[in-house]
Amino acid sequence: MPEHARDRAWTGNCAGAEAEPGQDGPVERRDDTSDERRRRAFRLAVRRYAGQVRHDWRLTVPGLLLPGVGSTLTGFVPALVIAAVLGHFGAGAPPSFGDLLPYLLAFTGAWVGGELVWRFAIHFVNRASTRGASQLSMAAMDALFGKDLSFFHDHFAGSLTKKVTGYSTGYLMVVDSLAFQVAPHLLPIVFASVVLWRYSPWLVVTLVSMIVLTGVAIAPLIVRRQRLVNAREAASNELAGHVADTVSNMDAVRLFSRERDEAAIHARNVERWRRLALRSWDYQNKRIDVVASPLYVATNVLGVVLAITLGGRGGTFDLEAVFITFVYYHRATQVVWEFNHIFRTIESNLSNAAQFTELLLDQPTVVDPPSPAPAAFRDGGVEFRGVSFTYPRMARPLFARLDLRIEPGERVGLVGRSGGGKSTLLRLLLRQADIDGGVIRVGGQDIASVRQADLRSQIAYVPQDPVMFHRTLRDNISVGRLDATEAEIRAAATAAHAAEFIEGLPLGYDTLVGERGVKLSGGQRQRVAIARALLRRAPILVLDEATSSLDSESEGLIQRALLAVMADRTAIVIAHRLSTVQAMDRLVVLDDGRVIEDGSHDQLLALDGLYATLWRKQSGGFLGDVRLGVRAAEPSGVPPLTVRGAPHG
Ligand SMILES: Nc1ncnc2c1ncn2[C@@H]1O[C@H](COP(=O)(O)OP(=O)(O)OP(=O)(O)O)[C@@H](O)[C@H]1O
Ligand SMILES: [Mg+2]
């Protein structure tokens with residue numbers, strides 16, 4: 001095999017077969033999935049890869065055939081020429097240059113031709129693997145886009161990233177392995193068999209049976225080794241998962257001086273991985289190779305013995321047969337030696353790919369209807385009718401037959417105790433999760449009957465804890481309307497009172513905000529999120545604690561701006577600070593998944609229910625007497641603060 005091909009094949013093995021822990025392993029603790037599920041995922045990965053090979057057959061067929069031709073020409077034909085020279089001139093006087101010339105030409109021609117074929121082969125392999133990998137990567141991303149939002153709450157971001165990349169790079173490795181390790185052996189074995197047959201069919205029978213025998217002997221061992229590999233990979237994932245978790249929580253690590261504890265956990269994980277890695281590699285060396293290597297040697301010895309015996313039978317010693325047998329046996333049995341390695345590369349890359357395809361086994365539940373109704377939202381009215389909803393793994397329903405109607409253009413404040421279901425109600429309206437019963441209508445249309453994108457185009461949403469793309473402030477504001485002009489972006493930022501701080505930054509709108517927006521304060525993030533929502537110009541504005549991180553003065557300013565914006569829209573505003581929603585047309589009090597009060601501020605005060613109680617506490621001073629009074633009176637369960645060194649009691 002030419003050097004280039006060898007290099008590539010080798011690189012492929014290193015990167016693909018054994019993902020190094022901590023660097024390359026998927027960043028998630030081992031999922032608690034059954035073996036059957038893993039097998040299904042594995043089969044799906046095989047089907048996806050095979051489908052890609054079939055799809056790109058114009059590239060993959062030559063990419064997998066030509067290496068066989070190339071290695072026959074470079075590795076097998078020249079030996080045949082030498083054998084012919086030995087056959088013709090071995091016993092007689094030294095041949096002249098003229099006698100040798102045709103052989104020399106054939107020898108050179110075959111080799112040069114082989115190299116040429118290899119260049120073409122690699123041309124096709126490069127294209128087949130990159131094309132397949134990029135298409136699989138795009139398909140993987142599409143599959144993620146199709147997932148329910150809850151899916152992303154259940155998986156580490158780092159782990160998903162790893163799985164998507166593993167899925168596409170795995171294909172590169174598998175195609176490389178097939179093209180550079182499998183294909184260059186298969187066709188030459190056929191060629192060698194044809195040549196050897198001419199000397200003696202026994203040479204072929206022996207060669208093929210020994211290869212098959214070795215395969216049969218080591219295959220079960222390799223399968224058994226897989227259990228050890230799985231354990232090692234699980235340990236590697238756990239190791240990487242802990243590193244990712246620690247790094248992303250470095251603030252907490254520092255604050256609580258957890259460095260030593262985290263280092264100890266890391267040391268434990270590393271040690272566990274080391275033990276399991278050693279066990280799987282030792283199994284390779286001490287169990288598999290112990291079986292494979294004697295068979296490898298035995299095959300070659302048998303071949304030479306056979307050639308000598310058969311060659312000597314006619315009375316004259318057949319040098320040619322011995323030479324060719326030795327060379328061909330030696331080359332052909334390399335496949336046995338590499339079988340292990342090839343299997344390992346292909347198997348472990350498919351296992352990696354299966355980590356991704358396992359995510360595909362669960363169908364998303366929030367999907368567009370098969371034939372979506374055309375978007376024809378009459379207005380900005382919202383209606384929840386008989387809505388029931390239970391979070392997965394939640395003991396009882398959060399909402400049971402909830403009814404709530406919001407008229408077009410109405411401005412509604414949604415208030416109530418923490419955990420009452422306010423944010424969830426908005427999530428259901430945005431169809432981030434599907435309801436178990438009842439119907440939600442926007443502008444008279446059932447939100448489950450239209451495309452999700454059509455529904456969401458009607459709603460501008462500022463979430464409770466807005467996160468940002470690690471992009472510029474401009475990009476973060478225009479995320480909901482990519483065609484917005486610079487003037488529109490600035491107008492939205494001004495209305496959201498974000499322009500003040502943005503224009504004070506050295507790079508202004510070109511400032512990068514850090515991962516998830518960490519370089520912005522909570523209040524700045526909220527203002528950017530409001531600007532984003534304002535720019536969207538949707539008929540329904542939904543704010544979930546959108547101004548909770550702002551000081552009262554900024555909140556007052558933004559409130560005024562928002563009220564102006566709400567003039568021609570339906571607005572649903574969640575707030576704990578009741579002064580924020582006091583001026584709304586209507587207040588809805590949600591408690592434990594039920595609407596318990598509904599009316600204007602004055603009506604609810606007159607009702608003297610939960611709202612009135614909350615209001616009194618807040619107007620009594622959010623940080624004032626009421627709260628302190630409660631803390632003093634009620635045991636909190638928090639151990640009393642003792643100052644080190646100070647006398648107790
Ligand atoms: N993704 C989730 N999976 C399971 N349960 C959830 C999930 N999100 C919220 N819950 C639960 O649903 C209930 C309602 O949560 P929700 O976030 O809607 O409350 P909220 O009224 O918005 O509270 P807050 O005022 O604190 O924001 C809570 O008991 C919460 O623990
Ligand atoms: Mg909430």
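Quick note on numbering: the sequence shown equals residues 1 to 649 in our numbering.
In this text, a Cβ means the ideal position worked out from N, Cα and C, and glycines have one as well.
Remember, it's a predicted structure, so these values are computed and weren't measured experimentally.
Query                                                                                                                                     : Result
Check: residue 422 C-beta below 7 angstroms from any heavy atom of ligand 2                                                               : yes
Cβ contact check for the stretch 168–187 and the stretch 63–70: 3 or more pairs under 8 angstroms                                         : yes
Cross-strand partners of residue 327 (DSSP beta bridge)                                                                                   : Note: residue 327 sits in no beta bridge, so no partner.
Residue 388 in three-state terms, based on DSSP                                                                                           : strand
Where the alpha helix (DSSP H) through residue 157 begins and ends                                                                        : 157–177
Coil, strand or helix - residue 447 by DSSP                                                                                               : coil
Any non-hydrogen atom of ligand 2 closer than 7 angstroms to residue 591 Cβ                                                               : no
Chain-order list of residues whose beta-carbon lies under 8 angstroms from that of residue 549 (same chain, five-residue window excluded) : 521, 522, 523, 525 and 526
Beta-carbon contacts of residue 529 that lie in its chain and below 6 angstroms, excluding the five residues immediately before and after : 462 and 466
For residue 231, the three-state DSSP class (helix, strand or coil)                                                                       : helix
Complete beta strand (DSSP E) runs within the stretch 495–575 (minimum length 3 residues, chain order)                                    : 540–544 and 570–574
Residue 351 to residue 39 span [Cα, whole Å]                                                                                              : 9 angstroms
Residues bridged to residue 461 (per DSSP)                                                                                                : 542
Residue 585 CB to nearest heavy atom of ligand 2 below 7 angstroms                                                                        : no
Anticipated Cβ contact below 8 angstroms, residue 436 with residue 388, distance rounded                                                  : 5 angstroms
Rounded straight-line distance, which links the Cα of residue 124 to that of residue 539                                                  : 53 angstroms
Cα-Cα separation between residue 286 and residue 221, rounded to whole angstroms                                                          : 11 angstroms
Residue environment, residue 634, which counts as buried when at least 16 other CB atoms sit within 10 Å                                  : For residue 634, the predicted model reports a pLDDT of 42, less than 50, meaning its position is unreliable; a value from the coordinates is still stated below. With fewer than 16 other Cβ atoms within 10 Å, it is exposed.
Assigned secondary structure, residue 45 (DSSP; H/G/I helix, E/B strand, else coil)                                                       : helix
Sequence-distant residues of its chain with Cβ nearer than 7 angstroms to residue 380 (five each side left out)                           : 408, 409, 443, 539, 540, 569 and 570
Other residues of its chain near residue 45: CB distance less than 6 angstroms, five sequence neighbours each side excluded               : 350, 353, 354 and 357
CB contact flag (residue 322, residue 304, <8 angstroms)                                                                                  : yes
Proximity winner among 374, 423 and 412, relative to residue 398 (alpha-carbon distances)                                                 : 423
Start-to-end residues for the beta strand (DSSP E) that takes in residue 399                                                              : 399–406
One or two residues paired with residue 383 in a DSSP bridge                                                                              : 405 and 441
Length of the line joining the Cα atoms of residue 573 and residue 478                                                                    : 22 angstroms
Burial state of residue 190 (16 or more Cβ within 10 Å)                                                                                   : exposed
Spatial neighbours of residue 451 in its chain, beta-carbon cut-off 6 angstroms, leaving aside the 5 residues before and after            : 368 and 372
For residue 591: DSSP bridge partner residues                                                                                             : 594
Three or more C-beta pairs below 8 angstroms linking the stretch 325–338 and the stretch 281–296                                          : yes
At least three beta-carbon pairs within less than 8 angstroms, the stretch 100–110 to the stretch 145–163                                 : no
Strand pairing of residue 394, partner residues [DSSP]                                                                                    : Residue 394 is not bridged to any residue.
Ligand 1 heavy atom lying under 7 angstroms from the CB of residue 158                                                                    : no
Any non-hydrogen atom of ligand 2 closer than 7 angstroms to residue 464 Cβ                                                               : yes
Residue 414 in three-state terms, based on DSSP                                                                                           : strand
Enclosing alpha helix (DSSP H) for residue 106 [first to last residue]                                                                    : 97–145
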